[in-house]
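Have a look at the structure below, then the notes.
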Amino acid sequence: ITKMASPKRFALNALDNIMPRFFSSLIFTFRLSKEATHDQALQLLQESLRTACDELPYFRRKVFSIPISPENKTPGRLEAREHQDWIPQVLRNDLTKSWPEYDDMVEDGLPQDLLDGSQLFPPGRHIIDLDHEGTPLLVAQANYVRGGLLLGVSMFHSLVDGMSGALILRMWAKHMRIHSGETVAAFDISPGSCDYDTLHEVWKTSGAPVAEGTPDDWRLLGLLPPGVEDRPSGAPPPPMRSSIFYISGTSFARLGAIAAGSSTNGHVDGGGADGDDGVKLGGTANDALMALLWRCVMRARRAAAPESPSYGASEVAELDTTLNGRAFFGEELPWQYMGTLVYIVTTRMTVAELTDPATPLSAVVSAVRNSVARVTRERALSVYGLAATRLEGYTAETLRWPFATFEGAEACFSSLVSLPVMDISFGGKVFAGNGVPDYVRPERRALDHVCRNCNILPLRLEGGTEVFISLTVDEMALLERDAEFAEYAQLVCH
């Protein structure tokens, strides 16, 4: 009898432990080559995943709770276990008899209402087992339609953020190309990039700073302060509508020009945005797109509920956006760091100023860029110290996230625009177009029961990007008629 090797164990750090414990899911769509069979595609996906596991054992990790003991007195702490003999399985789902042909779906812009996560992702992603079998880093399902394949990939958020998820996909795609007999560019991920202790060591060698613990400090971590209760949920969720909009490369460049010409006072001055000390901050096209979306979405929300006290002229609108923290640490941390390293940047403007047509878009861009610029290496480390030292535990009973609500004038946007995803090639053995995905999309209505949603999807090869927006039915109708929004965005589908 062959004895299975004991798994290697890796304790997660404080940022990993405070991440919401769910699978983050995306759908990648491919046109199948005319010669490819479903069996061939599945075999290639599975075999390439096997050899990717051999090169990068990170794929083999599962997450478990660390039991309370004299060595661990903090409830809810997690560890990853790397099982040397385990490989994630790609499930198979044949939709050829019930779904439209792939070319027809592409011609219609890949309707978002088709993308039913209950069909396109493995059912096991809703089972978060941290005590017995563990929760895997990755689960995947190959969904076949006539002429195409929709690959549903889910990754567990405690182990993976947007950047590390993109790197995992690149590694899998590299092995797809190797098994297709193609020459691949050098791409490696070092073992040191997979060490969660690295971030904690950077914090300790920097003096183990701990922030004061203001509400804004906790919000930078994506949390409410300890002891603060969630806002009451109020009425049941309203009827929701999801839409995909396209920002062309030309429109994206126009937004970049606005960002480059914005200053702290909102006037166009021909340079980058100025910080409080007068230093140019270099606003980006992503900043400008965030600003445009925030302004137009909040204008639609205010118009749909003019009597709501949340949208009174003097009320403060809050925009929460995700920020990849890797850039703060330079050579101290591998740029390919595979753990989670995400901060939440909050931008505030009064509802009246934000939605006033007289307020130039450049002023909103400056507000967004200045909020990002206030997150420094020192601040990022000090709030890490909060997560590491000031929490009684990392359980659902002790952690509170402020974003899952329909109340107030808050908006939470996530930008994937800079993630290196749309140029990933899965090879031309079974896929047309050398295996570059035609679309990368979220599933439909995933968060409609808890909040509105906005995702800026990865930048496409032609220079444009898609934006997924979920609003109430009334709000979406107003957004689609917004003249400023229509200058930059084209409705693709619902």
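Residue numbers for the sequence shown, in this note's numbering: -17 to 476.
All C-beta atoms, glycine included, are put in the ideal place defined by N, C-alpha and C.
**Report entry** Ala471 in three-state terms, based on DSSP
**Finding:** In the sequence shown, the residue the question calls residue 471 occupies position 489. Correct three-state label for Ala471: strand.
Requested in this report: Could you pull out every unbroken beta strand (DSSP E) segment of at least 3 residues lying fully inside the region -6 to 62, listed in chain order?
Outcome: 5 to 13 and 43 to 47
Query raised in the report: From this set, Ile9, Leu202, Ile171 and Thr19, which residue's C-alpha is nearest Val324's C-alpha?
Result: What you label residue 324 is simply residue 342 of the sequence shown in a count that begins at 1. The candidate whose alpha carbon is nearest that of Val324 is Leu202.
Requested in this report: Below 7 Å CB to CB, which residues in the same chain sit around Pro221 once its five sequence neighbours on both sides are set aside?
Outcome: Within the sequence shown, the letter at position 239 stands for residue 221. Once the five neighbours on either side are set aside, the close Cβ partners of Pro221 are Thr454 and Val455.
Query raised in the report: By a C-beta neighbour count over all protein chains shown, 10 Å radius and 16 as the cutoff for buried, is Val279 buried or exposed?
Result: Within the sequence shown, residue 279 is the residue found at index 297, counting from 1. Answer is buried; the Cβ neighbour count reaches 16.
Query raised in the report: If you run the structure through DSSP and keep just helix, strand and coil, what is Phe(-8)?
Result: As a position in the sequence shown, residue -8 is number 10, starting the count at 1. In this structure, Phe(-8) counts as strand in the three-state DSSP scheme.
Requested in this report: Work out the CA separation of Asp85 and Phe310 for me, nearest whole Å.
Outcome: In the sequence shown, residue 310 corresponds to position 328, counting from 1. In the sequence shown, residue 85 corresponds to position 103, counting from 1. Roughly 43 Å separates the two Cα atoms.
**Report entry** Alpha-carbon to alpha-carbon, Ile451 and Gly519
**Finding:** Given that the chain is displayed from residue -17 to residue 476, the structure contains no residue 519 and the question cannot be resolved.
Query raised in the report: What first and last residue would you give for the alpha helix (DSSP H) that runs through Phe169?
Result: Position 187 of the sequence shown, counting from 1, holds the residue named residue 169. Premise fails: Phe169 is in no alpha helix (DSSP H) and is neither H nor E.
Report task. List the DSSP bridge partners of Thr328. Result -> Residue mapping note: residue 328 aligns to position 346 of the sequence shown, counting from 1. In DSSP, Thr328 forms a bridge with Asp302.
Query raised in the report: For Val327, which of Leu38, Ala355 and Phe169 has the nearest alpha-carbon?
Result: For the purposes of this step, residue 327 is taken as residue 345 along the sequence shown, with counting starting at 1. Taking only the C-alpha atoms, the option nearest Val327 is Ala355.
**Report entry** Length of the line joining the Cα atoms of Ser245 and Thr266
**Finding:** If you number the sequence shown from 1, residue 245 lands on position 263. If you number the sequence shown from 1, residue 266 lands on position 284. Low per-residue confidence applies at Ser245: pLDDT is 49, beneath 50, and the placement is therefore not dependable, though the value from the model is reported in the following sentence. Using only the alpha carbons, I get a separation of about 12 Å.
Query raised in the report: What is the rounded straight-line gap between the Cα of Asp113 and the Cα of Gln66?
Result: The residue you call residue 113 lines up with position 131 of the sequence shown. The residue you call residue 66 lines up with position 84 of the sequence shown. Near 19 Å, if we compare the C-alpha coordinates of Gln66 and Asp113.
Query - Beta-carbon spacing of Pro(-11), Glu64 below 8 Å - result: Translated into positions along the sequence shown, residue -11 becomes position 7. Translated into positions along the sequence shown, residue 64 becomes position 82. For Pro(-11) and Glu64, yes; Cβs fall inside 8 Å.
Requested in this report: Kindly indicate which residue of Leu73, Phe(-8), Met272 and Glu89 has the alpha-carbon position closest to the one of Ser140.
Outcome: Stepping through the sequence shown from its first residue, residue 140 is reached at position 158. Here the closest residue by C-alpha is Phe(-8).
**Report entry** Distance between Cys475 and Pro197 (C-alpha atoms, nearest Å)
**Finding:** The residue you call residue 197 lines up with position 215 of the sequence shown. The residue you call residue 475 lines up with position 493 of the sequence shown. Distance between the alpha carbons of Pro197 and Cys475: 39 Å.
Query raised in the report: How many whole angstroms separate the CB atoms of Leu343 and Leu274, which I take to be in contact at a CB cut-off of 8 Å?
Result: Your numbering for residue 343 matches position 361 in the sequence shown. Your numbering for residue 274 matches position 292 in the sequence shown. The pair is a contact, with the Cβ atoms about 6 Å apart (cut-off 8 Å).
Query raised in the report: How is the beta strand (DSSP E) around Tyr293 delimited, first residue to last?
Result: Taking the sequence shown and counting its residues from 1, one reaches residue 293 at position 311. Note, Tyr293: premise wrong, no beta strand (DSSP E); not H, not E.
Requested in this report: Determine, using beta carbons only, whether Glu164 and Ala282 come nearer to each other than 8 Å.
Outcome: If you number the sequence shown from 1, residue 164 lands on position 182. If you number the sequence shown from 1, residue 282 lands on position 300. Contact flag unset, no.
**Report entry** Exposed unless 16 or more other CB atoms sit within 10 angstroms - verdict on Gly116
**Finding:** Residue 116 sits at position 134 when you count from the first residue of the sequence shown. The residue is buried, with at least 16 neighbouring Cβ atoms inside 10 Å.
Query raised in the report: Using the C-alpha atoms, what's the distance from Gly106 back to Val250?
Result: Within the sequence shown, residue 250 is the residue found at index 268, counting from 1. Within the sequence shown, residue 106 is the residue found at index 124, counting from 1. Unreliable positioning characterises Val250 in this predicted model, as indicated by a pLDDT of 34, which lies under 50. The coordinate reading is nonetheless provided below. Those two C-alpha atoms are separated by around 51 Å.
Query raised in the report: In angstroms, rounded to a whole number, what distance separates the CA positions of Ala465 and Asp90?
Result: Translated into the one-based positions of the sequence shown, residue 465 becomes position 483. Translated into the one-based positions of the sequence shown, residue 90 becomes position 108. Spanning the two alpha carbons is a distance of roughly 24 Å.
**Report entry** Cys278 (DSSP reduced to helix, strand or coil)
**Finding:** Within the sequence shown, numbered from 1, the residue matching residue 278 stands at position 296. In the structure shown, Cys278 sits in a helix (DSSP, three-state: H, G or I).
Query - Supposed contact pair Val88 and Asp420 - C-beta distance, whole angstroms, cut 8 Å - result: In the sequence shown, residue 420 corresponds to position 438, counting from 1. In the sequence shown, residue 88 corresponds to position 106, counting from 1. That pair is a contact at about 6 Å.
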